[in-house]
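Quick mapping for you: the protein sequence lines, in order, are chains A and B. If you count the first sequence from 1, position 174 lands on 174 in the UniProt record's numbering, and the numbers rise without skipping. If you count the second sequence from 1, position 51 lands on 51 in the UniProt record's numbering, and the numbers rise without skipping. Each residue gets a CB set at the ideal place from its N, CA and C atoms; glycine is no exception.
There are 2 protein chains.
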Amino acid sequence: MARNLHDHILQTASALFYSQGIKATGVDAIVKAAGTTKMSLYKYFPSKDDLVLAHLSKSRDAMLNRILAGVELRASEPKQKLLAVFAVFDELLSSPEFRGCPFINASAEFAEASNPVQLAAAEFSDTFREILADLARQAGAQDSESLSRQLAMLISGAIVSEQMRRQSGAMRTAAAAANILIEQSLSRAEPA
Amino acid sequence: MARNLHDHILQTASALFYSQGIKATGVDAIVKAAGTTKMSLYKYFPSKDDLVLAHLSKSRDAMLNRILAGVELRASEPKQKLLAVFAVFDELLSSPEFRGCPFINASAEFAEASNPVQLAAAEFSDTFREILADLARQAGAQDSESLSRQLAMLISGAIVSEQMRRQSGAMRTAAAAANILIEQSLSRAEPA
DNA sequence: AATAATACATACCGGTCTGTATAGTTGCAA
DNA sequence: TTGCAACTATACAGACCGGTATGTATTATT
């Protein structure tokens, strides 16, 4: 149950937003699923927009924590950590609840460039890429910026690929490509 | 003007769907922008869903034609054609009207797996990848299936990356990675 | 026991959505 | 000139949207 109604509503809304889409999820559906009322929802969230942004913020934290914890759990050396990121995402994509990336999807649902949802999505994208850039730098990559961008593209590409064709093993195919790109970058950075 | 009202409505709707999102575009807005009436729209398209599917079909044809023609224009050898695909997309991404991939976006807007929109998006994704696989095979790639999947991921990843941060040159960064992957695949396929 | 905070129940508001009904207008062809 | 088909104009149905108003039940604190 909910010791905290605010969090319970957010948790319920977050699950619905992710699984059904944000615009496809009405306030009434959230209220019904959470077993509460509109009045309570609007007590904690002034508008649906606020709830959406809270959902994205929560998703961002959960995603970053999962990535960082998963990487730390799987590898200790920077180069292995880069590859571990793909293993973490492979696990994510294997879940039956997987419905793509919350930020990519939100970005597609809210087209206007100035929309706060767009900004949140772009911010997450940047943060994630910086994590990869840090790891690439620690691993001694030649051009950690380019490499991190390329790895990020492989991951988001694998996500949308798996979204369209489930159980296609997209993230493992992406990891194979990542392995090549990483090796290339490291071999050039460390001349004999 | 429109010699053909059906096509004129579809063209207008297609532009709005792409630039503003499908769910964000009401029938009234389409009718107003096309300078016609709802009665005429519903004469040619039994429902908004039909119009949406027609839009995706039109977008698929336009996209495939643009890719194939652009590749043919830029290169004659299979390996160069693979790289030319990235040049075609780089041009696409540079347009001020660029708003991401119509199929990735539509897939995000209509979450249900059984939705016809999802099927259309998946179908395009497959077709595009097969084009890449053909080129990879012609180029003599070792594992044309894997390579084509990886290149497709780089492209869709670059698209969503550019969607979140405009003017980031994402497709050129993706092309650099593609170049490495292609070289690797060809060198392994043609042993000395 | 009195008070205050929290949450629930329900009805409602204005607006927008897809889709339809009805009537009027234009242009072209026999 | 008449007739017919395509198109326009406009109003409306019915559902759903986000958001609010009013009032009640429950619980904790004092």
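Between the CA atoms of residue j and residue i - distance to the nearest angstrom
i	j	result
residue 91 (chain B)	residue 63 (chain B)	13 Å
residue 12 (chain B)	residue 102 (chain B)	15 Å
residue 129 (chain A)	residue 152 (chain A)	6 Å
residue 188 (chain A)	residue 80 (chain A)	18 Å
residue 133 (chain A)	residue 85 (chain A)	12 Å
residue 121 (chain A)	residue 22 (chain A)	14 Å
residue 114 (chain B)	residue 24 (chain B)	21 Å
residue 19 (chain A)	residue 97 (chain A)	7 Å
residue 125 (chain A)	residue 166 (chain B)	13 Å
residue 142 (chain A)	residue 184 (chain B)	18 Å
residue 164 (chain B)	residue 53 (chain A)	17 Å
residue 36 (chain A)	residue 112 (chain B)	26 Å
residue 31 (chain A)	residue 131 (chain B)	47 Å
residue 93 (chain A)	residue 6 (chain A)	29 Å
residue 171 (chain A)	residue 170 (chain B)	20 Å
residue 49 (chain A)	residue 135 (chain B)	46 Å
residue 146 (chain A)	residue 10 (chain A)	37 Å
Cβ-based neighbour list, residue i, same chain, cut-off 6 Å, excluding 5 preceding and 5 following
i	result
residue 174 (chain A)	154 and 158
residue 137 (chain B)	144
residue 17 (chain B)	25 and 55
residue 45 (chain B)	51
Sequence-distant residues of the same chain with beta carbon closer than 8 Å to residue i, five excluded per side
i	result
residue 127 (chain A)	60 and 64
residue 99 (chain A)	18, 19, 105 and 163
residue 186 (chain B)	79, 139, 140, 141 and 142
residue 4 (chain A)	none
Contacts around residue i, its chain only, beta-carbon distance under 7 Å, and the 5 residues preceding and following it disregarded
i	result
residue 14 (chain B)	55, 58 and 59
residue 110 (chain A)	117 and 118
residue 176 (chain A)	none
residue 71 (chain A)	81, 84, 85 and 88
residue 168 (chain A)	161 and 162
residue 123 (chain A)	none
With 16 other Cβ atoms within 10 Å as the buried cut-off, status of residue i
i	result
residue 149 (chain B)	buried
residue 95 (chain A)	exposed
residue 182 (chain A)	buried
residue 140 (chain B)	exposed
residue 47 (chain A)	exposed
residue 192 (chain B)	Note on residue 192 (chain B): pLDDT 43, under 50, position unreliable in the model; no value is reported.
residue 76 (chain B)	exposed
residue 106 (chain A)	buried
residue 69 (chain A)	exposed
Whole-number beta carbon distance between residue j and residue i, since they are thought to touch under 8 Å
i	j	result
residue 40 (chain A)	residue 156 (chain B)	That pair is no contact at about 41 Å.
residue 83 (chain A)	residue 179 (chain A)	7 Å
residue 88 (chain A)	residue 67 (chain A)	6 Å
residue 43 (chain B)	residue 27 (chain B)	About 13 Å separates the two Cβ atoms, so there is no contact after all.
residue 108 (chain B)	residue 108 (chain A)	4 Å
#### Entry: Segments assigned alpha helix (DSSP H), at least 4 residues, entirely inside the stretch 40 to 115 of chain B
As far as the stretch 40 to 115 of chain B is concerned, its whole alpha helix (DSSP H) runs of at least 4 residues are 48 to 74, 78 to 94 and 102 to 109.
### Query
Taking the runs of the alpha helix (DSSP H) that are 4 residues or longer, which of them lie wholly in the stretch 126 to 174 of chain B?
The stretch 126 to 174 of chain B contains these whole alpha helix (DSSP H) runs: 144 to 164.
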